[in-house]
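First up is the structure itself, then whatever we jot down about it.
Numbering (the numbering used here), first residue to last: 251 to 349.
If you want it as structure tokens, here you go:
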């Protein structure tokens, strides 16, 4: 069952991102929003971990949050707007929000 994992907390304040990356399946996707987009900071361990994810795992970031923080994205990550967020939520069998 394919799951969309949604992270919104900073990867520098807790271990949710690491926990999520360990359980992502090959059919799953990860959407970073809010402070979780800080994982995309160039040169960070978190960005390196995302770049090393298997190609079968889809990676997304909420455009508004990326723009607000002035971040550059890895080539394999796709930016989505709020309509894209809703579409992703409908595309996957389950949505797991890491609260």
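Don't be surprised by glycine CBs; every beta carbon is placed ideally from N, CA and C.
- Counting along the chain, residue 282 sits inside the beta strand (DSSP E) bounded by residues 279-282.
- Apart from sequence neighbours up to five positions away, the residues of its chain that approach residue 252 with a beta-carbon distance below 7 Å are 277, 278, 342 and 343, ordered along the chain.
- The secondary-structure analysis by DSSP pairs residue 255 across a beta bridge with 280 and 346.
- Here residue 304 is exposed. Its C-beta has fewer than 16 other C-beta atoms within 10 Å.
- Residue 267 is not a Cβ neighbour of residue 292, given a cutoff of 8 Å.
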